[in-house]
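Okay, so here's the structure we're looking at.
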């Protein structure tokens, strides 16, 4: 698309407050690609003029270093999308170190375009060679690291699929993620927790430094974990699980009362009294008159500790008995809540500034069977984000699969709107 047409499309795009996510993402991508195509002075003047006609400066509001780097990457991928030299890697057997294959030169060229393969005198002389050499191995591993893949330097179908993702699609992904940054407060606070759903990770940030990091399990695609801005207000050891009605009726009650009783479940009425597993009381679960609860302690579905983050979706962070899931690369297995890989260590960090809560006391509380809640004296901001693209602390552009399909412009409008009957665990 020519520069004149891009400017006109940017002017015509109604990106005011009520515009669609697709429109504002498109405007941002077009605007940034203009800065690549035009000479610096011309780009600055024409981009400013076009932006003023859009009717909203929100799409260009800076959000610190991360936002600026993402804008640079969007400009780069927008330019790459216009580059006639971009070609996907052809099909064939897995490319492995030491092999000779005509596609190796093409692989090297792709990695150069993506910035993973750095040219030096030796590389320049061998850039068309068909041998999968050591320098190319390093570039492939870097690419795999940036895409959350196993860093084995093998260009198999999974790695080839990431290599062959169209730059225009990547530009759309970057634009969608820039918009998500704008949904966050401009000041995240000096100390905060951030969960990135597509990366299956949690990070504790203290004065811009990563203090703690762990893997998490998030909701299945049919039970999406929502994007949230909230605070952690409470830590509960040996929590009681109040089972959502849909889970109780579909997954647990069919197992029978003997099985449920052995696993620590009971039915509780509105007065808080335990009632027997009769047909009438089970029907009360469906009507919301009776709840199925599991006592705290070993074997509880929430594990030994949960972390309360008030929200309308009834989402919280918690321990889990399914530790084996943290070894998997894809970890979307829950009903919406966030399961933690290192809950005890995390509890220690959350209660580190709490009076009278030593590490020994925390461990005793967790290993007992008594349910005990602690209100945090200084609630910590929590951001549950959905970033399929970001620039990491090493300056590497990271991409992750869009597990919930939220990068699709049609789905983006619904990204923060979830079903009120969410099942949580």
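In the numbering used here, the protein residues as written are -15 to 409. Every residue gets a Cβ at the ideal spot worked out from N, C-alpha and C, and that includes glycine. From a predicted model like this one, the values you see are computed outputs, not experimental measurements.
Do residue j and residue i have their beta-carbon atoms positioned less than 7 Å apart in this structure?
i: residue 411; j: residue 286; result: As shown, the chain starts at -15 and ends at 409. That puts residue 411 outside it, with no answer to give.
i: residue 415; j: residue 181; result: Residue 415 is absent from the structure shown; the chain starts at -15 and stops at 409.
i: residue 83; j: residue 116; result: yes
i: residue 288; j: residue 350; result: yes
i: residue 225; j: residue 284; result: yes
i: residue 212; j: residue 322; result: no
i: residue 361; j: residue 382; result: no
i: residue 90; j: residue 73; result: yes
i: residue 123; j: residue 100; result: yes
i: residue 384; j: residue 136; result: no
i: residue 138; j: residue 78; result: yes
i: residue 327; j: residue 303; result: yes
i: residue 69; j: residue 371; result: no
i: residue 243; j: residue 319; result: no
i: residue 248; j: residue 279; result: yes
i: residue 236; j: residue 266; result: no
From residue i to residue j, what distance separates their C-alpha atoms?
i: residue 341; j: residue 358; result: 10 Å
i: residue 193; j: residue 177; result: 12 Å
i: residue 246; j: residue 274; result: 19 Å
i: residue 64; j: residue 129; result: 21 Å
i: residue 119; j: residue 126; result: 11 Å
i: residue 205; j: residue 299; result: 15 Å
i: residue 26; j: residue 67; result: Its pLDDT being 47, under 50, residue 26 is placed unreliably by the model, and the measurement read from it follows with that caveat. When rounded, the distance between both Cα atoms is 21 Å.
i: residue 390; j: residue 163; result: 12 Å
i: residue 277; j: residue 254; result: 12 Å
i: residue 219; j: residue 388; result: 29 Å
i: residue 169; j: residue 92; result: 41 Å
i: residue 386; j: residue 121; result: 27 Å
i: residue 196; j: residue 228; result: 31 Å
i: residue 374; j: residue 86; result: 33 Å
i: residue 152; j: residue 312; result: 30 Å
i: residue 191; j: residue 131; result: 27 Å
i: residue 149; j: residue 159; result: 16 Å
i: residue 297; j: residue 272; result: 17 Å
i: residue 315; j: residue 377; result: 23 Å
i: residue 144; j: residue 307; result: 31 Å
i: residue 95; j: residue 76; result: 18 Å
i: residue 263; j: residue 329; result: 43 Å
i: residue 240; j: residue 55; result: 56 Å
i: residue 301; j: residue 291; result: 5 Å
i: residue 252; j: residue 261; result: 10 Å
i: residue 231; j: residue 305; result: 18 Å
i: residue 175; j: residue 49; result: 17 Å
i: residue 336; j: residue 363; result: 12 Å
Apart from the five residues on each side of it in sequence, which residues of its chain come closer than 7 Å, Cβ to Cβ, to residue i?
i: residue 233; result: 269, 270
i: residue 214; result: 293, 294, 295, 366
i: residue 317; result: 201, 204, 309
i: residue 250; result: 258, 277
i: residue 20; result: Note that residue 20 has pLDDT 43, beneath the 50 cutoff, so the model's placement of it is unreliable and the number below is only indicative. 59, 62, 63, listed in sequence order.
i: residue 325; result: 198, 199, 200, 310
i: residue 97; result: 64, 70
i: residue 155; result: 13, 58, 61, 62, 65
i: residue 353; result: 222, 280, 281
i: residue 81; result: 116, 121, 137
Residues in the same chain with beta-carbon distance under 6 Å from residue i, minus the five sequence neighbours each way, listed in chain order, please.
i: residue 221; result: 289, 349, 350, 356
i: residue 186; result: 179, 198, 200
i: residue 332; result: 343, 346
i: residue 173; result: 365
i: residue 392; result: none
What residues match up with residue i in a beta bridge as DSSP calls it?
i: residue 370; result: Per DSSP, none; premise fails for residue 370.
i: residue 365; result: 215
i: residue 115; result: 84
i: residue 383; result: 373
i: residue 358; result: 219
i: residue 70; result: DSSP lists no partner for residue 70.
i: residue 340; result: None; residue 340 has no bridge partner.
i: residue 322; result: 301
i: residue 230; result: The partner list for residue 230 (beta bridge, DSSP) is empty, contrary to what the question assumes.
i: residue 60; result: Partner(s): none; residue 60 has no beta bridge.
Using a Cβ-Cβ cut-off of 8 Å (strictly less than) and excluding sequence neighbours within five positions of residue i, which residues of its own chain qualify?
i: residue 142; result: 133
i: residue 417; result: Coverage of the chain is limited to positions -15 through 409, which leaves residue 417 absent and any answer about it impossible.
i: residue 88; result: 79, 113, 114, 115, 116, 120
i: residue 189; result: 172, 175, 176, 177, 178, 195
Just to confirm the assignment: which complete beta strand (DSSP E) runs, minimum length 3, are found wholly within the region 273 to 318? 274 to 278, 289 to 292, 316 to 318
Residue ranges of each alpha helix (DSSP H) run of no fewer than 4 residues wholly in the region 121 to 198, ordered along the chain? 141 to 147, 151 to 166
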